[in-house]
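Residue 88 in the UniProt record's numbering sits at position 88 of the sequence shown; the count goes up by one each step and never skips.
We put the beta carbon where it would ideally sit given N, CA and C, even for glycine.
Notes to accompany the following structure.
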Amino acid sequence: MAWEAVADLDQLEEGDMMVVQMGGQPICVVRLYEDEAVAVHNTCTHQQQPLNEGYLQEDDTLICPAHNSCFDLRTGEPKGVPAVAPIPVYACKIEDDAIWVDFDQQLNEAEIPHKPYH
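So this is what it looks like as structure tokens:
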């Protein structure tokens with residue numbers, strides 16, 4: 001897989017999120033600013049809830065809707081409990097009036113979150 005256009009810019013306003021499937025995984029694409037978007041795995045590492053149902057903070061962190069785990073969208077690092085493991089962050093760019101993601105370019109060492117086995 002290489003760079004893939006996942007949305008036209010007019011589909012996503014600043015502060016909006018959308019979920020796309022890449023490599024069989026749910027990826028949350030967030031348009032932070034006019035010229036910046038980020039792509040992270042859409043699964044919270046605390047109890048595997050969908051992060052796109054959460055909300056974006058002014059400091060570019062994403063809050064999980066279930067138990068308020070907070071993640072830095074540029075590094076994937078949790079910013080406090082209950083989550084203690086980072087979420088994967090993927091290469092993302094805005095180019096040619098589209099948002100592009102390269103699922104093969106994971107920008108951190110985070111493991112892919114999986115659903116619990118119980």
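Does the separation of the CB atoms of A83 and C28 fall below 8 Å?
The answer is no: Cβ separation not under 8 Å.
Determine the closest residue to T75 out of A2, E13, E4, V40, with distance taken between C-alpha atoms.
V40
Could you give the distance in angstroms between the alpha-carbon of P86 and the alpha-carbon of D60?
15 Å
Note down the Cα distance separating Q21 from E14, rounded to an integer number of angstroms.
21 Å
Between residue 178 and V89, what straight-line distance do the alpha-carbon atoms span, to the nearest angstrom?
Outside the displayed span of the chain (1 to 118) sits residue 178, for which this structure offers no information.
Please report whether the beta-carbon of P82 lies at a distance below 8 Å from any beta-carbon of chain D.
Checking the listed chains, one finds no chain D in this structure; it contains a single protein chain.
Among N108, E36, G23, G54, which residue has its Cα nearest to the Cα of E95?
For E95, the closest of N108, E36, G23, G54 by C-alpha to C-alpha distance is E36.
Within the same chain, show all residues whose beta-carbon is closer than 6 Å to that of A98, passing over the 5 residues directly before and after it, in chain order.
A5, D8
Ignoring anything shorter than 3 residues, give me the beta strand (DSSP E) runs that lie fully in the UniProt domain "Rieske" (4 to 101), in order along the chain.
4 to 8, 17 to 22, 25 to 33, 36 to 41, 61 to 63, 70 to 72, 89 to 95
Taking only the alpha-carbon atoms, compute the straight-line gap between G23 and Q105 and give it to the nearest angstrom.
Approximately 12 Å between the Cα atoms of the pair.
Measure the C-alpha to C-alpha separation of V30 and C64 and round it to an integer number of angstroms.
A direct Cα-to-Cα measurement between V30 and C64 gives close to 14 Å.
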